[in-house]
Every structure is written in structure tokens, then in C-alpha cells.
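The next block holds one structure in the form of C-alpha cells; read it before the comments.
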Amino acid sequence: MTNQKVWFITGASRGFGLEITKAALAEGNKVVATVRSKPEQLAAQLENNENLLVTVLDVTDEAQALDAAKQATDKFGRIDVLVNNAGYGLLSAVEEASNEEVKQNYGANVFGLLNVTRAILPYMRKQRSGHVINISSVGGLNGFVGWGIYGSTKFAVEGITESMALELAPLGIYATTVEPGFFRTEFLDPTSLIRTAHVIDDYAGTVGEMRSFATQVNKKQPGDPKKLAQAFITLANAEKPPVHLPLGNDTLAMYREKTAKFEKDIEDWYDVITGTDHDDVRGF
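In the numbering used here, the protein residues as written are 12 to 295.
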């Protein structure tokens, strides 16, 4: 295969990570797939593919991230595509989430992503090529009842990725944030979604209804994870990949609705928005 790449995928034991791993291997690429435990199980599931290296990585452990990156380059010589997939959801009113619950969600979804990115980028900078793909969410583009804390971690991923895209471009490295909508994975299972212990009755009509909805819609989401994985293959092979890639008709519709409302707010508040400069710099 002339366009063979080395992929590094976090959270590869199930969901998006597993499907992307399968798709990358099927295309003939080499893949470093990281899991939090029992790497032999994933290796066996993928028939001990000779192009696969499964290694243990808790993304919140920076030393493990550095070691996993070294294992990858020792095995395959380079890293071309990093997929920061590991993370989990937190369903809670903003007020309900404890300080520790918030820190843990940020620890996995933001600080963990940064640990892995810092571990991988030196190799990409050395080879003057590469593509960092950070998995965000429709919740990183829009605020939703019950997803304020989780969504804020994904808003952080959006900002980090946009800045990285600017910083890395002169070095021949791309950065993309992918915003999946509602896909039929294990995301809403208890093993992937944390619900806060503290529940406030005043939020029963908003967050309470979202908790019920999350249970009802589980495994009925419109998105197909296998098709998402193929979109990642297309993205990784693109000559000029985008900085943002929203996936799913639901994501696209929600984002367009948000931007339309934003434009309406600008129109309604235009005089206030544009009236805050010093008088001597009006029209700057």
C-alpha cells in the first residue's frame, strides 16, 4: 500500500475507537490502539493483526502517554495520524456536579487529550508531517440541558484544536476537530456515561427529562459508527483536511440553527455591539 499510515488511537476498546481501528486496519494501515486494561482481549478480537500494536494507556497518566508514544515509534517508526478519542460523558445540571466530578471529566476529556497530544507531537514535528484528529461532539458546538459540564470539555477541545491548527500548519501538521452527533454506540451506557450522585428537584423538568430521554434513546440514535469510521479514513487521506468536521445530519441542523440565532442576536443588538469602542477609534 503506497499511502500506508501509522495511526495512534486512544480509547480503542469499543465505540468510535474500535470502529476507527477496524477501518484503518482494513485499509492496510498500521495502528497503535490504546486501552485502559486487558490489551490481549482487543488484540484477539482483531485477530492479532500484524499491523496492530495494542498498548495500555490511561490518558490521565502522562508518563503512560509518553511510554505509549515511544512504543509506537519503536514498533512502526513514525506516527502519522493521532485520534484523540478517549473520554466519557457526564449527565448533570451544572449546579449538581461536584467539584471532583467536574475535575475528573476534565481530566479525561481535556487534560488527558493534552497529555497524549504532547507525547505525540514531538515525533510529528521531527518528521514535519502528521494529522491530529480530536473527537469533540455536537455538545462542543451547542449547549444542551444536562450536558453543560461535558459540553464545556468539548468546547475546550474546539478551542485547543483551532489554535493547534494555526500553530502546526507551518510545520506540515494538520489539526481537525470532529463533532459527531448522536451515534449508536455505548456512549449512553452506564459504563460510558456518568450521572451525578447529587440530584436537585428544581431541575426535574429540564435535566430530569434529559436523564429519561438518554435512557430511552440509547441504541436508537441515528448515526452509524461504521460510517463514521469511514469518514475518518476519508479525513485522514485528505490532501487539505478541514479544521472542523461535523458528522451527522443532526449535528449540522443544530449548528445551523445556532448560527442563525446568533446572527439574529447580532442584528437585534448591533448598535450595542458596535458602540463600545473609544470615540477616536470608531471605524477602525
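For every residue, glycine included, the Cβ atom is placed at its ideal position computed from N, Cα and C.
Integer-rounded CB distance, given that residue j should sit under 8 Å from residue i
{"i": "residue 131", "j": "residue 80", "result": "5 Å"}
{"i": "residue 128", "j": "residue 93", "result": "7 Å"}
{"i": "residue 107", "j": "residue 42", "result": "Wrong, their Cβ atoms sit about 39 Å apart, outside the cutoff."}
{"i": "residue 96", "j": "residue 22", "result": "4 Å"}
{"i": "residue 82", "j": "residue 64", "result": "7 Å"}
Residue i versus residue j: straight-line alpha-carbon distance, rounded
{"i": "residue 239", "j": "residue 192", "result": "10 Å"}
{"i": "residue 268", "j": "residue 260", "result": "12 Å"}
{"i": "residue 26", "j": "residue 236", "result": "7 Å"}
{"i": "residue 44", "j": "residue 20", "result": "5 Å"}
{"i": "residue 218", "j": "residue 257", "result": "25 Å"}
{"i": "residue 151", "j": "residue 266", "result": "10 Å"}
{"i": "residue 29", "j": "residue 205", "result": "21 Å"}
{"i": "residue 69", "j": "residue 291", "result": "54 Å"}
{"i": "residue 224", "j": "residue 162", "result": "17 Å"}
{"i": "residue 14", "j": "residue 212", "result": "56 Å"}
{"i": "residue 252", "j": "residue 124", "result": "20 Å"}
{"i": "residue 262", "j": "residue 49", "result": "34 Å"}
{"i": "residue 264", "j": "residue 242", "result": "19 Å"}
{"i": "residue 250", "j": "residue 140", "result": "12 Å"}
{"i": "residue 288", "j": "residue 137", "result": "44 Å"}
{"i": "residue 156", "j": "residue 221", "result": "7 Å"}
{"i": "residue 302", "j": "residue 270", "result": "A question about residue 302 goes unanswered here, because the residues of the chain that appear run from 12 up to 295."}
{"i": "residue 47", "j": "residue 158", "result": "25 Å"}
{"i": "residue 246", "j": "residue 91", "result": "13 Å"}
{"i": "residue 35", "j": "residue 111", "result": "36 Å"}
{"i": "residue 281", "j": "residue 273", "result": "12 Å"}
{"i": "residue 255", "j": "residue 176", "result": "10 Å"}
{"i": "residue 182", "j": "residue 133", "result": "11 Å"}
Other residues of its chain near residue i: CB distance less than 7 Å, five sequence neighbours each side excluded
{"i": "residue 164", "result": "116, 117, 120 and 121"}
{"i": "residue 113", "result": "160"}
{"i": "residue 12", "result": "Because the pLDDT at residue 12 is just 44, under 50, the model does not fix this residue reliably, and the value given afterwards should be weighed accordingly. Taken in chain order, the residues that qualify are 39."}
{"i": "residue 154", "result": "162"}
Residue i Cβ short of 7 Å to the ligand ATP heavy atom set
{"i": "residue 103", "result": "No copy of the ligand ATP appears in this structure; indeed no ligand is present at all."}
Which residues DSSP lists as bridging residue i, in chain order
{"i": "residue 22", "result": "Answer is none; residue 22 lacks a bridge partner."}
{"i": "residue 136", "result": "DSSP, once it has assigned bridges, lists no residue as partnering residue 136."}
{"i": "residue 41", "result": "17"}
{"i": "residue 186", "result": "143"}
{"i": "residue 255", "result": "188"}
{"i": "residue 32", "result": "According to DSSP, which records beta bridges pairwise, residue 32 is partnered with nothing at all."}
{"i": "residue 158", "result": "103"}
{"i": "residue 222", "result": "In DSSP, residue 222 forms no bridge with anything."}
{"i": "residue 66", "result": "45"}
{"i": "residue 210", "result": "Residue 210 pairs with nothing; no bridge assigned."}
Neighbourhood of residue i by C-beta, 6 Å cutoff - its chain only, sequence neighbours within 5 removed
{"i": "residue 104", "result": "214 and 218"}
{"i": "residue 179", "result": "186"}
{"i": "residue 101", "result": "116, 160, 161 and 205"}
{"i": "residue 73", "result": "126"}
{"i": "residue 166", "result": "151"}
{"i": "residue 184", "result": "135 and 141"}
Take every Cβ of the stretch 182–196, pair it with every Cβ of the stretch 144–156, and state whether three or more of those distances are shorter than 8 Å. yes
The stretch 170–177 in contact with the stretch 51–70 per 3-pair CB rule at 8 Å: no
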